[in-house]
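To get our numbering, take the position in the sequence shown, counting from 1, and add 14. Glycine residues also receive a C-beta, built at the ideal position from the N, C-alpha and C atoms. Bear in mind the structure is a predicted one, so any value in this text is a computation, not a measurement.
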Amino acid sequence: MNTEERKDFNQVYWRFLWSAILIALSGCLGNVVDAIIVGNLIGEDAVSAINLTRPVVQFMYTLNMLLATGAGILVGVEIGKKNMPRAAWFYTLSMVLCLIVGLLIAAAGLFCPGTATGWLCSNAHLYQLTFEYLSIMLIGAPAYMVMWALSTMVGVDGSPRLVSIAILIDNAVNLSLDIVFIQFFGWGIAGSSSATIVGHVVGIAIMFWHFRYKDNHLKFIVHSSKFIVNDNHEKAQPDYELCTMNYALKQIISQGAPLAIASVCLTLLLYSANSIVLGALGRTGIFAFAVCMNLLQIYNLFLAGVCRTIQSLGAIQVGKGDDEAFRLVLRKSFLFITVAMILICIVVWVDPSVISRLFGANDPAILAESNHALRIFSLSFIPFCYIYVVMIVYKLYAHHRMALFISFALSLTVIPVLWLVSKFVPSLLWYSYLIAYVIEIAAILVLHCVTHVRFELKIKK
Numbered sequence: 015m016n017t018e019e020r021k022d023f024n025q026v027y028w029r030f031l032w033s034a035i036l037i038a039l040s041g042c043l044g045n046v047v048d049a050i051i052v053g054n055l056i057g058e059d060a061v062s063a064i065n066l067t068r069p070v071v072q073f074m075y076t077l078n079m080l081l082a083t084g085a086g087i088l089v090g091v092e093i094g095k096k097n098m099p100r101a102a103w104f105y106t107l108s109m110v111l112c113l114i115v116g117l118l119i120a121a122a123g124l125f126c127p128g129t130a131t132g133w134l135c136s137n138a139h140l141y142q143l144t145f146e147y148l149s150i151m152l153i154g155a156p157a158y159m160v161m162w163a164l165s166t167m168v169g170v171d172g173s174p175r176l177v178s179i180a181i182l183i184d185n186a187v188n189l190s191l192d193i194v195f196i197q198f199f200g201w202g203i204a205g206s207s208s209a210t211i212v213g214h215v216v217g218i219a220i221m222f223w224h225f226r227y228k229d230n231h232l233k234f235i236v237h238s239s240k241f242i243v244n245d246n247h248e249k250a251q252p253d254y255e256l257c258t259m260n261y262a263l264k265q266i267i268s269q270g271a272p273l274a275i276a277s278v279c280l281t282l283l284l285y286s287a288n289s290i291v292l293g294a295l296g297r298t299g300i301f302a303f304a305v306c307m308n309l310l311q312i313y314n315l316f317l318a319g320v321c322r323t324i325q326s327l328g329a330i331q332v333g334k335g336d337d338e339a340f341r342l343v344l345r346k347s348f349l350f351i352t353v354a355m356i357l358i359c360i361v362v363w364v365d366p367s368v369i370s371r372l373f374g375a376n377d378p379a380i381l382a383e384s385n386h387a388l389r390i391f392s393l394s395f396i397p398f399c400y401i402y403v404v405m406i407v408y409k410l411y412a413h414h415r416m417a418l419f420i421s422f423a424l425s426l427t428v429i430p431v432l433w434l435v436s437k438f439v440p441s442l443l444w445y446s447y448l449i450a451y452v453i454e455i456a457a458i459l460v461l462h463c464v465t466h467v468r469f470e471l472k473i474k475k
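Now the structure itself:
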């Protein structure tokens with residue numbers, strides 16, 4: 015790659031990265047804005063209630079990763095290979111599945127929201143607020159699923175700028191309607207959840223502008239036998255249609271599985287951590303934990319942007335067979351995430367009380383607990399981000415076992431550490447995440463070295 019090509023590639027990289035970061039706003043900024051506004055307009059308990067519903071948001075995001083993120087990688091690879099019919103088929107299956115899953119979750123929100131609330135909240139004082147927020151969120155599940163899936167696909171198909179605009183407007187609508195629904199309509203915490211859903215609907219409508227472009231590759235296929243081609247680039251026979259659909263579904267799930275497993279584990283972690291912290295430290299502790307989880311959303315803003323860039327732009331380079339460009343994507347991504355994390359840590363350590371007060375904290379005891387927790391968590395999230403990016407790299411290099419191991423270990427290691435610390439050294443509860451992630455890094459290094467040695471011995475034989 016000469017100087018001019020590298021310059022052009024750098025421009026493409028930064029275009030993908032900033033677009034991906036803005037896309038990530040859809041998944042995290044909405045929650046943070048909800049918590050800030052709710053904390054100041056309703057109270058500290060409302061912030062805790064929103065945090066108690068996070069496992070549900072994470073569960074929906076898990077399903078999106080399984081059905082859309084993996085498909086987005088496949089679409090990127092097929093576009094790189096210039097195999098547009100197969101790219102369109104992966105897109106079609108992914109979007110249909112995401113919509114169906116969203117509708118099923120909405121049905122659950124209509125008929126049994128109380129059951130879900132009971133699973134999430136064991137505190138009678140917080141139950142009603144949690145119920146009101148969760149009920150609306152579940153009904154709006156199709157908007158969550160389609161928004162996340164469509165942003166992935168449109169970004170991979172070469173319109174990251176359009177996605178960026180959609181996300182910005184989405185969040186502007188959400189922020190504006192938060193105040194209108196809560197302050198002027200008197201809807202309380204349900205207004206916050208409603209505002210998020212309306213923002214997603216607006217974002218979806220804007221992204222559909224992409225389909226007006228004649229050169230877009232995201233064609234919706236109704237009859238697969240007319241479009242699907244086999245591995246020899248020959249038109250499939252009519253009886254090959256069902257086989258092709260099964261193959262496509264297996265590929266989509268296979269690609270998304272490591273990320274989805276990591277997200278499932280994170281869902282379990284959020285649920286377990288909420289229960290452990292609420293039991294060990296009560297309402298003061300759960301508020302501090304809620305603020306820390308909102309801090310994680312800021313880390314996730316940059317982490318998700320880097321991961322989407324690696325998955326989209328990196329997958330295209332893998333499809334082209336351009337290893338040099340792929341390595342350049344990785345180098346720039348690791349450098350960016352490192353700088354971003356250092357800056358966040360500095361801000362948190364200088365004055366964490368600013369963050370706590372942002373979410374409506376005024377009680378001195380709550381402020382003291384939140385400030386202590388924030389400083390520790392700001393360090394804990396650094397190894398978490400590195401581990402997550404490494405998992406993506408292993409997946410793209412086809413080291414599936416290592417990717418799956420990291421997917422499981424990323425969150426499941428924290429649960430036993432958190433439980434043990436809460437039982438035997440509760441004063442050190444906030445250090446649980448940091449201890450667990452250090453253990454995971456050590457395990458990954460050992461397994462990587464063992465795998466590398468085995469590979470070299472196999473080559474010599």
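Where the alpha helix (DSSP H) containing residue i begins and where it ends
| i | result |
| --- | --- |
| residue 444 | That residue, residue 444, is in no alpha helix (DSSP H); it is neither H nor E in DSSP. |
| residue 190 | 174 to 193 |
| residue 366 | Residue 366 -> no alpha helix (DSSP H), and no H or E assigned at all. |
| residue 59 | 58 to 66 |
| residue 402 | 378 to 410 |
| residue 417 | 414 to 426 |
| residue 80 | Run containing residue 80: none; DSSP gives neither H nor E here. |
| residue 88 | 84 to 94 |
Buried or exposed (CB count within 10 angstroms, at least 16 for buried), residue i
| i | result |
| --- | --- |
| residue 223 | exposed |
| residue 415 | exposed |
| residue 377 | exposed |
| residue 48 | buried |
| residue 150 | buried |
| residue 65 | buried |
| residue 463 | exposed |
| residue 460 | exposed |
| residue 412 | exposed |
| residue 441 | exposed |
| residue 17 | exposed |
| residue 28 | exposed |
| residue 204 | buried |
| residue 175 | exposed |
| residue 435 | buried |
| residue 190 | exposed |
| residue 483 | Beyond the ends of the chain as shown, which are 15 and 475, falls residue 483; an answer cannot be given. |
Residue i - DSSP class collapsed to helix/strand/coil
| i | result |
| --- | --- |
| residue 136 | coil |
| residue 166 | helix |
| residue 203 | helix |
| residue 131 | helix |
| residue 346 | helix |
| residue 125 | helix |
| residue 241 | Because the pLDDT of residue 241 is 44, which lies under 50, any placement of that residue in the model is unreliable, and the number read from its coordinates should be weighed accordingly. Looking at residue 241 - three-state DSSP - the assignment turns out to be coil, as it is neither helix nor strand. |
| residue 335 | coil |
| residue 252 | Confidence at residue 252 is low in this model, with a pLDDT of 39, below 50, so its placement is unreliable and the value that follows should be read with caution. Three-state result, residue 252: helix. |
| residue 328 | helix |
| residue 222 | helix |
| residue 288 | helix |
| residue 301 | helix |
| residue 97 | coil |
| residue 171 | coil |
| residue 155 | helix |
| residue 232 | coil |
| residue 374 | coil |
| residue 269 | helix |
| residue 247 | With a pLDDT of only 45 at residue 247, under the threshold of 50, the placement of this residue in the model should not be trusted, and no figure is reported. |
Proximity winner among the options, relative to residue i (alpha-carbon distances)
| i | options | result |
| --- | --- | --- |
| residue 155 | 133, 31, 214 | 214 |
| residue 283 | 340, 319, 424, 96 | 424 |
| residue 34 | 178, 386, 311 | 178 |
| residue 129 | 87, 70, 183, 96 | 70 |
| residue 211 | 116, 137, 139 | 116 |
| residue 162 | 357, 362, 403, 181 | 181 |
| residue 139 | 296, 120, 72 | 296 |
| residue 451 | 431, 437, 438, 439 | 431 |
| residue 113 | 336, 269, 426, 157 | 157 |
| residue 428 | 50, 142, 397, 353 | 397 |
| residue 119 | 73, 91, 196 | 73 |
| residue 342 | 354, 323, 359, 353 | 323 |
| residue 344 | 132, 310, 400 | 400 |
| residue 279 | 79, 170, 25, 327 | 79 |
Any chain D beta carbon closer than 8 Å to residue i
| i | result |
| --- | --- |
| residue 123 | The chain inventory of the structure shown lacks chain D, comprising one protein chain alone. |
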